[in-house]
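Position in the sequence shown (from 1) plus 14 gives the number in this note's numbering. Heads up: the structure comes next, in C-alpha cells.
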Amino acid sequence: LFPGILKSARLGYDGKGQQKVHSVADARSAWSAMGSVACVLEKRVALEREISVIVARDMQGEIAVFPVGENIHRNGILAVTRVPAAISDDLAEHARQAACRIAQAMEYVGVLCVEFFVLSGERLMANEMAPRPHNSGHHSIESCATSQFEQQVRICIQKPLGSTALNSPAVMLNVLGDAWFKFSDQPQEPDWQAVRAQRDVALHLYGKSDPRPGRKMAHVTCLGSTLPQALARARNVADILGLDVGDGLA
Numbered sequence: 015l016f017p018g019i020l021k022s023a024r025l026g027y028d029g030k031g032q033q034k035v036h037s038v039a040d041a042r043s044a045w046s047a048m049g050s051v052a053c054v055l056e057k058r059v060a061l062e063r064e065i066s067v068i069v070a071r072d073m074q075g076e077i078a079v080f081p082v083g084e085n086i087h088r089n090g091i092l093a094v095t096r097v098p099a100a101i102s103d104d105l106a107e108h109a110r111q112a113a114c115r116i117a118q119a120m121e122y123v124g125v126l127c128v129e130f131f132v133l134s135g136e137r138l139m140a141n142e143m144a145p146r147p148h149n150s151g152h153h154s155i156e157s158c159a160t161s162q163f164e165q166q167v168r169i170c171i172q173k174p175l176g177s178t179a180l181n182s183p184a185v186m187l188n189v190l191g192d193a194w195f196k197f198s199d200q201p202q203e204p205d206w207q208a209v210r211a212q213r214d215v216a217l218h219l220y221g222k223s224d225p226r227p228g229r230k231m232a233h234v235t236c237l238g239s240t241l242p243q244a245l246a247r248a249r250n251v252a253d254i255l256g257l258d259v260g261d262g263l264a
C-alpha cells in the first residue's frame with residue numbers, strides 16, 4: 015500500500031484531510047495528526063492525467079453529459095481545467111459512458127461530477143465523485159449551450175435537460191486568496207480591470223471578503239476558437255494575476 019495517501023473519511027476537500035505516507039510509521043503519524051479519525055489509505059498510482067465527467071440526470075432517468083475536461087492541480091487544489099481534454103475520442107466516450115452508468119446505478123438525481131485518473135494504456139480509474147455542480151464544470155457557464163448550474167435548476171423544476179454542446183474550447187483558472195498577496199505583504203485587490211479587458215475572458219468573483227492563501231475567491235474562464243487560443247488567453251490572465259498554475263497552461 016506504500017507509497018500511499020491517507021485520507022480522512024469525512025470532510026476532506028482541496029487537499030485538506032489527506033497526507034502522503036511512505037510507511038506504516040508515516041501512516042500512524044499522519045493518522046494521529048488528523049485527530050485519529052476514520053481514514054482511508056489509498057495506494058498511489060502512476061497517473062498520466064486527471065479528467066472530469068459531469069452528468070446531469072433528471073427524475074425520469076434522462077441524462078445529459080458535458081464535454082470531458084482535463085484537470086491540473088497545484089498543492090492539492092484545482093488550478094486549471096482545460097476543455098476538451100487531451101485524450102482520444104474513444105477514451106472520452108468510455109469515460110462518459112462510465113459516468114452515466116454510475117449515475118444510473120445510484121439512481122442519482124441532479125448534477126454529478128465523476129473524476130477519473132487516466133493510467134497508461136488509456137485505462138481509467140474512478141477517483142472521486144462530487145454530488146453537485148463541480149469546480150471543474152464552471153467553464154460551462156460560457157462554453158456550453160447549457161451550464162451545469164442551469165441543468166441543476168432544470169432538474170429541480172422538472173424541466174427537460176438542456177443541450178451540453180461545447181460552443182467553444184475553454185480554459186478555467188481558479189483564483190485563490192494567494193493572488194491578493196502576490197505583489198504585496200498586505201492583501202491587495204488583484205487588477206480585475208486588466209482581466210476584464212482581455213478578449214473572450216469571463217471573470218466570476220465569489221464575494222468573499224477574507225482572502226486567504228488556498229481559499230477559492232474567484233474563477234476566470236477563457237474561450238477561444240481553438241484550445242491553443244484559449245490557453246494563450248489564459249496565460250495572459252495568469253500573468254496579470256500572478257497565478258501559480260505550474261505546467262497547466264503549456
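From the three backbone atoms N, C-alpha and C, an ideal C-beta is built for every residue, glycine too.
So, with DSSP's three-state summary, where would you put residue i?
i, result
"Ser43", "helix"
"Val51", "coil"
"Glu5", "The structure shown does not extend to residue 5, since the chain is modelled only from 15 to 264, so the question has no answer here."
"Leu217", "strand"
"Gln212", "coil"
"Gln2", "Given that the chain is displayed from residue 15 to residue 264, the structure contains no residue 2 and the question cannot be resolved."
"Ser207", "Ser is not the amino acid found at residue 207; the sequence shown has Gln there. If DSSP states are grouped into helix, strand and coil, Gln207 belongs with the helices."
"His233", "strand"
"Gln33", "strand"
"Ala159", "coil"
"Val38", "helix"
"Glu62", "coil"
"Ile91", "strand"
"Ala99", "coil"
Count the other C-beta atoms from every protein chain shown that fall within 10 angstroms of the C-beta of residue i, then say buried if there are 16 or more, exposed otherwise.
i, result
"Ser150", "buried"
"Thr240", "exposed"
"Gln74", "exposed"
"Phe197", "exposed"
"Arg115", "exposed"
"Gly262", "buried"
"Leu25", "exposed"
"Ser182", "buried"
"Pro145", "exposed"
Of the choices the options, whose alpha-carbon is the least far from that of residue i?
i, options, result
"Lys34", "Glu136, Leu241, Ser223, Ile19", "Ile19"
"Ser134", "Cys114, Asn188, Leu105", "Leu105"
"Glu142", "Asp261, Ala264, Tyr27", "Tyr27"
"Arg58", "Ser50, Ser22, Leu15, Ala264", "Leu15"
"Thr178", "Ser157, Ala193, Val189", "Ser157"
"Ala70", "Gln200, Trp45, Ala60, Cys170", "Cys170"
"Leu190", "Gly49, Ala117, Gly221", "Gly221"
"Gln162", "Gly31, Ile77, Val132", "Ile77"
"Gly124", "His108, Leu175, Asn85", "Leu175"
"Gln202", "Ala211, Asp224, Gly31", "Asp224"
Ordered along the chain, which non-local residues of its own chain (more than five positions away) have a Cβ less than 8 Å from that of residue i?
i, result
"His153", "Gly83, Thr95, Val97, Ala184, Val185, Met186, Thr235"
"Gly206", "Checking the displayed sequence, the identity of residue 206 turns out to be Trp instead of Gly. Cβ neighbours of Trp206 beyond the five flanking positions: Leu217, Leu219."
"Asp258", "Arg88, Ala93, Asp192"
Output needed for residue i: all residues of its chain with C-beta closer than 6 Å, excluding positions within five of it in sequence on either side, in chain order.
i, result
"Arg110", "Val67, Val79"
"Pro204", "Ala193, Leu255"
"Ala52", "Ala23"
"Gly260", "Arg88"
Between residue i and the rest of its own chain, which residues show a CB-CB distance below 7 Å, the 5 nearest in sequence each way excluded?
i, result
"Gly29", "Asn89, Gly90, Ile91"
"Glu136", "Ser102, Leu105"
"Ser54", "According to the sequence provided, residue 54 is Val. The question's Ser does not apply to it. Same-chain partners within the cutoff: Lys21, Ala23."
"Met139", "Val59, Phe130, Phe131, Leu133"
"Arg249", "Leu263"
Which ranges would you report for the beta strand (DSSP E) in the stretch 123-150 if only whole runs of at least 3 residues count? 124-133, 137-144
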